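Accompanying notes for the structure given below.
Number of protein chains: 2
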Amino acid sequence: MHNLDPLRDVTAGEVVAPYLHARAADFLRGLRVHGESGSDSAGAEEAARTLRAAARRISGTLHTFRPLLDAAWADQLRTELAWLSGTLALEQACTSRLVRLVDALSRLSSAGGPVPAARGGGTATATSRNPGARTETGSGAAAAGLTVGAARAGALLERQLTLARTRAHSAALQALGSARFHAVADAVALLASEVPLGPAGAAPATEVVDAPAGDAERRLLESVAALPLTRAAHPYNSDALALAAGESQDAPWHRTRHLLRLHRYASEVLHTGGEPDPVLFESARALDRHRDAAEAAAAAAAAARTPRIAPATAYALGVLHADQRHEVEAARFAFQHAWRRATAPVS
Amino acid sequence: MHNLDPLRDVTAGEVVAPYLHARAADFLRGLRVHGESGSDSAGAEEAARTLRAAARRISGTLHTFRPLLDAAWADQLRTELAWLSGTLALEQACTSRLVRLVDALSRLSSAGGPVPAARGGGTATATSRNPGARTETGSGAAAAGLTVGAARAGALLERQLTLARTRAHSAALQALGSARFHAVADAVALLASEVPLGPAGAAPATEVVDAPAGDAERRLLESVAALPLTRAAHPYNSDALALAAGESQDAPWHRTRHLLRLHRYASEVLHTGGEPDPVLFESARALDRHRDAAEAAAAAAAAARTPRIAPATAYALGVLHADQRHEVEAARFAFQHAWRRATAPVS
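Listed in order, the protein sequences are those of chains A and B.
In this text, residue positions in the first sequence follow the numbering used here: the first is 1, and each later residue adds one.
In this text, residue positions in the second sequence follow the numbering used here: the first is 1, and each later residue adds one.
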């Protein structure tokens, strides 16, 4: 999937270093924006997103091209970047999970209007996925019971996820003020001008750069080959609704999502300035949606284990859990569709 | 969709009467089997099925070909047959609804094994839809909580639907012993040898039989044209999961199911001995599944309104409700697929 021309007449280090320099510069820019954002939460979010994107790309590149780099340095920095991006990701994850769940409750329980509990949600707005498509008004005790339960479930999820988000926000602020973070920032600042290469870094790129990128691609293809794609291509197979098997059946998809990212970053290293593959992008989006829906389903299930909730609340959370697992199944369908288009012209 | 050749040189009555004679004979056979079945519940079920199938066909034919018949007689007999087949259908509906719900709970909550509550269910057996496909074992509090809730939900549904089935069984026995039923049986016995025709019954079949059958087909096509088939063709559209709009959004599909039956029976009248169209059969099966899933979803929702149930039970019923609405959506997808194949070569 990659073109070898840019590798001609350069060393391996000359291929990998400019990419790491550029991502390190992105990281430092994110850090500067964060420092300037103060109480501007949109600015702080944007800064965190930039920091995370750069940290993921640096970490992925250190992983894939480790054979060309100073291995001990690469391993150490990767560990620190994983800690940082994990810490920064949590707040955003809580926000988007709440939005997803409140949207789903709104779609499930109303004939178009938002769920009352969604009002106080800060960034969580209840917009129906298909506004206007719900013109028929439901009636009867079932709809009324579900509406009451959905409002309570929405309020419960909002309380729980807002609390988690607040904690994640504090943890992120604390991390960004820590000595550990300053050490990471120093290491990345050095990386913006100098990449600690290993002996293979001085070898011609054509001889040594291809193998690690090829390995990343091979690991991705093996992971995809192990997925039940034929089954996923059959709509409404109900596989993702085997709730008791939920987490273990999701793992291979999550792993594929991670490997697709590593492959994408390796392609970015080799194709500097090239267009990203729109179809691989679609595949990645489907796996992001798979992950988000799986985590939202787990959050609904966790909320249902809150002691002393009303049966109507538990009922609405059960509906929501199944709905999000349905979304997991839909994301698998979307992935196999995108992937087939991605690989059809190549293989 | 029908061939006019068999209508040449016969009167309208000569086309419709043999079909009604044959269905009346089926009805009388069902009645005889019922009388002989005694305590053999499989025999009694078979007899009820035969009676219902014959009653539906007679009633549908009286409806579609009413212009050729003695209208007052036809209307009166139709009312009585509708009462009878409705009464007889209820017991079987309770049984199949319980099987469907217990199967779904088993699939949702376990890694392959049946739900404990399914054991005492008489005809309700818990067979996973995809036995062997659930080899991964789930773990954690979510799975355990769901398993407990599912077992309780299964027990609750079994109690409620078994009670409903027992009542339906008594009502059916009472109906079959009633004077009202004996009057219906007498009317059908007469129908086995003589059909009360109207003036148009003596007209040439080519002139008058086509129009009523064409009307039945036109009503079906209009009903299908009003369905959101383009939307249904897009898998995972989540339309059927707008639970508050559930019943009102289902009505056009139920109506189509009824009109497809009338069309099928009219085709049977005109094509005596012909092969049933396998693709229309698929369409009809999809709409049966749509109806069954919608009713099962409603039964899960109704069970969740039982006073003083545990939150875990309510939660499992919520999961089940959403799962069955997911089945409703899957049935719509299957219908549009079958229908497109059914109509593509004709239109």
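All residues carry an ideal CB built from backbone N, CA and C; glycine is no exception.
Quick caveat: nothing in here was measured; it's all calculated off a predicted structure.
With respect to the alpha helix (DSSP H) encompassing V279 (chain A), which residues constitute its N-terminal and C-terminal limits?
Unbroken alpha helix (DSSP H) run through V279 (chain A): P278 to A304.
F333 (chain B): contacting residues in chain A (beta-carbon distance under 9 Å):
Against chain A, the beta carbon of F333 (chain B) has neighbours under 9 Å at P235 and Y236, listed in chain order.
Can you give me the C-alpha to C-alpha distance between Q160 (chain A) and T343 (chain A), rounded to a whole angstrom?
Whole-angstrom Cα-Cα distance: 42 Å.
Would you list, in chain order, the members of the region 308 to 321 of chain B that have their beta-carbon closer than 9 Å to a beta-carbon of chain A?
Under the 9 Å Cβ criterion, the region 308 to 321 of chain B contributes R308, I309, A310, P311, A312, T313, A314, Y315, A316, L317, G318, V319, L320 and H321.
Determine, using beta carbons only, whether S193 (chain B) comes closer than 7 Å to chain A.
At least 7 Å separates the CB of S193 (chain B) from every CB of chain A.
So the alpha helix (DSSP H) R325 (chain A) belongs to, where does it begin and stop?
P311 to T343 is the span of the alpha helix (DSSP H), which, as asked, contains R325 (chain A).
Backbone secondary structure at P204 (chain A) - three-state DSSP:
Strand, per DSSP.
Pull up the CB-CB distance for P212 (chain A) and T64 (chain A), whole angstroms please, since I reckon it's below 8 Å.
P212 (chain A) to T64 (chain A), Cβ: 5 Å. Contact.
Using 7 Å as the limit for Cβ to Cβ distance, is A342 (chain B) near chain A?
False, the Cβ-Cβ gap to chain A never drops below 7 Å.
Have a look at A251 (chain A) and S223 (chain A) and give me their C-alpha separation to the nearest angstrom.
Roughly 11 Å between the two C-alpha positions.
Please check if any C-beta of chain B sits within less than 7 Å of the C-beta of V304 (chain A).
Before going on, a small fix: residue 304 (chain A) reads as Ala here, not Val. Residue-level contact check: A304 (chain A) touches chain B, since one or more beta carbons of chain B fall below 7 Å from its beta carbon.
Would you tell me roughly how many angstroms separate the C-alpha atoms of A232 (chain B) and R97 (chain B), rounded to the nearest one?
In this model, A232 (chain B) and R97 (chain B) are separated by some 24 Å (Cα to Cα).
Does A330 (chain B) get closer than 7 Å to chain A when you measure Cβ to Cβ?
Among the residues facing chain A, A330 (chain B) is included, as its CB has a counterpart in that chain under 7 Å away.
May I have the straight-line CA-CA distance separating D277 (chain A) from Q324 (chain A), to the nearest angstrom?
Their backbone Cα atoms lie some 28 Å apart in a straight line.
Please indicate yes or no: does the CB of P199 (chain A) lie closer than 6 Å to some heavy atom of the ligand FAD?
Here there are no bound small molecules, and the ligand FAD is not part of this structure.
Does the CB of L146 (chain A) have a neighbour CB from chain B at under 7 Å?
Interface residue, yes.
Within this structure, are the beta carbons of G30 (chain B) and S37 (chain B) separated by less than 7 Å?
Between G30 (chain B) and S37 (chain B), the gap from beta carbon to beta carbon reaches 7 Å or more.
Less than 7 Å between C-beta atoms, sequence neighbours within five positions excluded: which residues of the same chain meet that for N130 (chain A)?
For N130 (chain A), the predicted structure reports a pLDDT of 39, less than 50, and the residue's modelled location is therefore unreliable. The matter cannot be settled from this model.
What residues are listed by DSSP as bridge partners for L69 (chain A)?
DSSP lists A:L197 as partners of L69 (chain A).
Based on DSSP bridge pairs, tell me the residues matched to T11 (chain A).
Bridge partners of T11 (chain A): A:P204.
Is there a Cβ of chain B sitting closer than 7 Å to that of H337 (chain A), yes or no?
In terms of beta-carbon proximity, H337 (chain A) stays away from the interface with chain B, with every pair separated by 7 Å or more.
Reduced DSSP secondary structure (H/G/I, E/B, other) of A226 (chain A)
A226 (chain A): coil per DSSP, three-state reduction.
In three-state terms, what does DSSP make of V16 (chain B)?
Reduced to three states, the DSSP call for V16 (chain B) is helix.
Using C-beta distances below 6 Å, list every residue in its chain close to E327 (chain B), excluding the 5 sequence neighbours before and after it, in chain order.
The residues are A293.
Cα separation between E14 (chain A) and R341 (chain A)?
For E14 (chain A) and R341 (chain A), the gap between their C-alpha atoms comes out near 33 Å.
Roughly how many whole angstroms lie between the Cα atoms of A407 (chain A) and R165 (chain A)?
A query on residue 407 (chain A) cannot be resolved here, the shown segment of chain A reaching from 1 to 347 and no further.
Taking the alpha-carbon of A25 (chain A) as reference, which of A:D9, A:R57 and A:A202 has the nearest alpha-carbon?
Of the candidates A:D9, A:R57 and A:A202, the one whose C-alpha sits nearest the C-alpha of A25 (chain A) is A:R57.
Taking C-beta pairs closer than 8 Å, name the residues in chain B that D103 (chain A) reaches, listed in chain order.
Within chain B, no residue comes near D103 (chain A); the closest Cβ sits about 11 Å away, beyond 8 Å.
Tell me, please, whether the CB atom of D250 (chain A) is closer than 7 Å to any CB atom in chain B?
For D250 (chain A), not one C-beta of chain B is nearer than 7 Å to its own C-beta.
Cβ separation of Y236 (chain A) and F335 (chain B), assumed to be a contact under 8 Å, to the nearest whole Å
Under the criterion of beta carbons closer than 8 Å, Y236 (chain A) and F335 (chain B) do not qualify as touching, at roughly 12 Å.
Under 8 Å, CB to CB, which of the residues in the region 252 to 272 of chain B have a partner in chain A?
In summary, no residue of the region 252 to 272 of chain B has a CB separated from any CB of chain A by less than 8 Å.
H182 (chain A) and E91 (chain A) closer than 7 Å at C-beta:
Cβ atoms of H182 (chain A) and E91 (chain A): not closer than 7 Å.
If you follow the alpha helix (DSSP H) that D186 (chain A) is in, where does it begin and where does it stop?
D186 (chain A) -> alpha helix (DSSP H) spans A179 to L191.
Applying the criterion that 16 or more other CB atoms from any shown protein chain within 10 Å of the CB defines a buried residue, is T87 (chain B) buried or exposed?
Buried is the call here.
Could you say which of B:D9, B:L28 and B:L20 lies nearest to D186 (chain B) if we only look at CA atoms?
Looking at the Cα atoms, B:L28 is the closest of the given residues.
Would you call the region 254 to 264 of chain B and the region 214 to 229 of chain B touching, i.e. three or more CB-CB distances under 8 Å?
By the criterion of at least three beta-carbon pairs nearer than 8 Å, the region 254 to 264 of chain B is in contact with the region 214 to 229 of chain B.
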